[in-house]
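Data first, discussion second: the structure below is written as structure tokens.
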Amino acid sequence: MAPTTYTTDIKGLDEFSARELYDLLRMRVDVFVVEQNCPYPELDGKDIDALHLRLLEGAELLASARILKPHKPQDASKIGRVVVSPAHRGKRLGDVLMSEAITACERLYPANAIALSAQAHLRRFYESFGFIGTSQEYFEDGIPHIDMVRQPATQPA
Numbered sequence: 001m002a003p004t005t006y007t008t009d010i011k012g013l014d015e016f017s018a019r020e021l022y023d024l025l026r027m028r029v030d031v032f033v034v035e036q037n038c039p040y041p042e043l044d045g046k047d048i049d050a051l052h053l054r055l056l057e058g059a060e061l062l063a064s065a066r067i068l069k070p071h072k073p074q075d076a077s078k079i080g081r082v083v084v085s086p087a088h089r090g091k092r093l094g095d096v097l098m099s100e101a102i103t104a105c106e107r108l109y110p111a112n113a114i115a116l117s118a119q120a121h122l123r124r125f126y127e128s129f130g131f132i133g134t135s136q137e138y139f140e141d142g143i144p145h146i147d148m149v150r151q152p153a154t155q156p157a
């Protein structure tokens with residue numbers, strides 16, 4: 001069960017304190033590079049222009065996701081780097097995080113679809129939020145992935 005005391009925030013990279021940024025990047029490296037035994041460039045240059053959604057309990061980082069704005073007006077926004085702290089798994093925080101990320105995308109980019117590159121074993125999880133597969137499975141950094149898209153809640157007139 002998710003803690004009831006969590007808060008959320010969304011910040012650009014320059015808005016983080018040094019400690020907040022360290023905590024965010026450490027969690028991502030601990031999970032995506034170390035835990036998944038996947039050496040790849042976690043610092044890919046996209047964080048600079050992204051928005052970073054965090055779930056917090058007090059000052060403790062529980063989970064985070066990265067939101068990339070559409071490049072062109074017709075492009076999808078993107079959710080990525082979806083991660084829950086290993087110390088807080090089993091509390092359904094992934095559900096909370098995705099709901100918050102979708103809400104943020106719909107508020108910021110209401111006419112745009114939302115895209116993501118899902119680890120293939122999480123396909124059903126993302127389907128439960130309205131995402132549909134748009135590609136065959138492919139390997140990214142040695143892990144099976146699938147591209148998925150969620151259409152805008154309201155279609156433009």
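Numbering (the UniProt record's numbering), first residue to last: 1 to 157.
Even glycine gets a Cβ: it sits at the ideal position worked out from N, Cα and C.
Small disclaimer: the values here were computed from a predicted structure and weren't measured.
In the DSSP annotation of this structure, Thr5 is not part of any alpha helix (DSSP H), being labelled neither H nor E. Between Ala120 and Glu100, the CB-CB gap reaches or exceeds 7 Å. Pro73 carries a coil assignment under DSSP once its states are collapsed to helix, strand and coil. Taken in chain order, no unbroken stretch of alpha helix (DSSP H) lies wholly in the segment 32-98 with a span of 4 residues or more.
When only Cα atoms are considered, Arg26 and Leu56 end up about 15 Å apart.
DSSP lists no bridge partner for Asp30.
The secondary-structure analysis by DSSP pairs Ser117 across a beta bridge with Asp147. The Cβ-Cβ distance between Val83 and Ala115 does not fall below 7 Å. Residue range 138-140 is occupied by the beta strand (DSSP E) that includes Tyr138.
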